[in-house]
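Undergrad: Dropping a structure here in structure tokens format, bear with me for questions.
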Amino acid sequence: WNTVSTYLRTFRAVYNRAVDLHRAPYVPHLFRSVYTGTRADHKRALCDDDMKKVFCKLSQSSGVSPNMRRAQELFILMFSLRGIPFVDLAYLRKSDLRDNVITYRRRKTGRPLSVTLTPEAMILVKKYMNRDSSSPYLFPFLESREGTKEAYREYQLALRSFNQQLMLLGELLGLGDKLSSYTARHTWATTAYYCEIHPGIISEAMGHSSITVTETYLKPFRSKKIDEANKQVLDFVKRSVIGLNA
Numbered sequence: 001w002n003t004v005s006t007y008l009r010t011f012r013a014v015y016n017r018a019v020d021l022h023r024a025p026y027v028p029h030l031f032r033s034v035y036t037g038t039r040a041d042h043k044r045a046l047c048d049d050d051m052k053k054v055f056c057k058l059s060q061s062s063g064v065s066p067n068m069r070r071a072q073e074l075f076i077l078m079f080s081l082r083g084i085p086f087v088d089l090a091y092l093r094k095s096d097l098r099d100n101v102i103t104y105r106r107r108k109t110g111r112p113l114s115v116t117l118t119p120e121a122m123i124l125v126k127k128y129m130n131r132d133s134s135s136p137y138l139f140p141f142l143e144s145r146e147g148t149k150e151a152y153r154e155y156q157l158a159l160r161s162f163n164q165q166l167m168l169l170g171e172l173l174g175l176g177d178k179l180s181s182y183t184a185r186h187t188w189a190t191t192a193y194y195c196e197i198h199p200g201i202i203s204e205a206m207g208h209s210s211i212t213v214t215e216t217y218l219k220p221f222r223s224k225k226i227d228e229a230n231k232q233v234l235d236f237v238k239r240s241v242i243g244l245n246a
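So, in structure tokens, the structure goes:
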């Protein structure tokens, strides 16, 4: 919903500009029934217990397919790359990787990002990187030239397959329908928030267009954070009172 809302706000701004320039007719209340706000009522981040399940090594049972293991490790890699969206992962180029640093532009916002790989993340990159020397892409999700309909179709198929495997993985781990390609991104943001990292830093780390977008990610978890803060205050008062009465 928030992505659709962003596009509609942009479209409304373009329309208003066109009206100002007399390039489009003015239609009263044209966007009255169009939702252009932001919603934060759906929690997509994993809790601590679910994170442990996802990051644990899968058993060697017959119920775990190679594709499911691959999806799990790619999910962990995406989380390690500060919750990189699947679209940015799919379009990464070999030239974006220099030593242990990946530098790229977010396809959604155009913001440049630079991520230093941990040793664990580098192992996963080397494991799944493209073996085709003629391909410019870092990972073998795409074959066609960037910007073509074929490349976009390949991306859509790869995304669909990835989400299907994550859904199966989530069912296997008892996560219900919580696991998707965007879960890694929301979980990284929420984890950073609970690590007391300032929302401005989180926003910059994720390449958001503004801190408002980041706050939309974090809003569902603020009530819990506020409750925790209140408990800390009350506990402090209790300890102080006990100390004074002792």
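For the sequence shown, UniProt numbering assigns the number 1 to the initial residue and increments by one for each residue that follows. All C-beta atoms, glycine included, are put in the ideal place defined by N, C-alpha and C.
1) Please list, in chain order, all residues of the same chain as MET51 whose beta carbon is under 6 Å from its beta carbon, the five residues on each side excluded.
2) Hey, is the region 110 to 128 in contact with the region 189 to 202, meaning 3+ C-beta pairs nearer than 8 Å?
3) To which residues does DSSP link TYR15 through a beta bridge?
4) Are the region 17 to 26 and the region 143 to 161 touching by the rule of at least three beta carbon pairs closer than 8 Å?
5) How far does the alpha helix (DSSP H) with VAL101 in it extend, from its first residue to its last?
6) Measuring alpha carbon to alpha carbon, tell me which residue in LEU166, SER59, ASP96 is nearest VAL125.
7) Would you decide whether PHE141 is buried or exposed? Buried here means 16 or more other CB atoms lie within 10 Å of its CB.
8) If you reduce the DSSP assignment to three classes, tell me which class LEU138 lands in.
9) Decide if ILE197 is buried, meaning its Cβ has at least 16 other Cβ atoms within 10 Å, or exposed.
10) Looking at the strands, I want to know which residues DSSP matches up with SER65.
11) For PRO28 and ARG44, what's the separation of their Cα atoms in angstroms?
12) Using 8 Å for Cβ pairs, my map puts ALA184 next to GLY83. What's the rounded Cβ distance?
13) At a Cβ threshold of 9 Å, is PRO112 touching chain B?
14) Is TYR91 closer than 9 Å to ARG107 when the C-beta atoms are compared?
15) State the Cα-Cα distance for the pair MET78 and THR187, rounded to the nearest angstrom.
16) Can you tell me whether SER203 is helix, strand or coil according to DSSP?
17) Among residues of its own chain, excluding the 5 on either side of LYS127, which ones have a beta-carbon nearer than 6 Å to its beta-carbon?
18) I'd like the list of long-range same chain contacts for GLY174, defined as Cβ closer than 6 Å, with 5 residues on each side in sequence excluded.
19) Please state if the CB of LEU168 and the CB of SER65 are separated by a distance shorter than 9 Å.
20) Between the Cα of THR87 and those of THR116, ALA151, ASP49, spot the shortest distance and give me the residue it belongs to.
21) Cα separation between ILE211 and PHE139?
22) Where does residue 249 fall in DSSP's three states?
23) Could you check if ASP48 is buried or exposed, using at least 16 other CB atoms within 10 Å of its CB as the buried criterion?
24) Hey, quick one: how far does the alpha helix (DSSP H) through THR191 stretch, first residue to last?
25) With distances taken from CA atoms, which of GLU146, GLU73, ALA229 is nearest LEU166?
TA: Answer, in terms of the structure:
1) none
2) no
3) According to DSSP, TYR15 bridges with nothing at all.
4) no
5) Element bounds for VAL101: not the alpha helix (DSSP H) but the beta strand (DSSP E), 101 to 105.
6) ASP96
7) buried
8) coil
9) exposed
10) Its beta-bridge partners do not exist; DSSP assigns none.
11) 37 Å
12) 5 Å
13) Absent from the structure is chain B; it holds one protein chain and no more.
14) yes
15) 11 Å
16) helix
17) none
18) none
19) yes
20) Note on identity: in this sequence residue 87 is Val, with Thr being the wrong assignment. When each option's Cα is compared against that of VAL87, the closest is ALA151.
21) 30 Å
22) Because the chain here runs from 1 to 246, residue 249 falls outside it and cannot be looked at.
23) exposed
24) 183 to 194
25) GLU73
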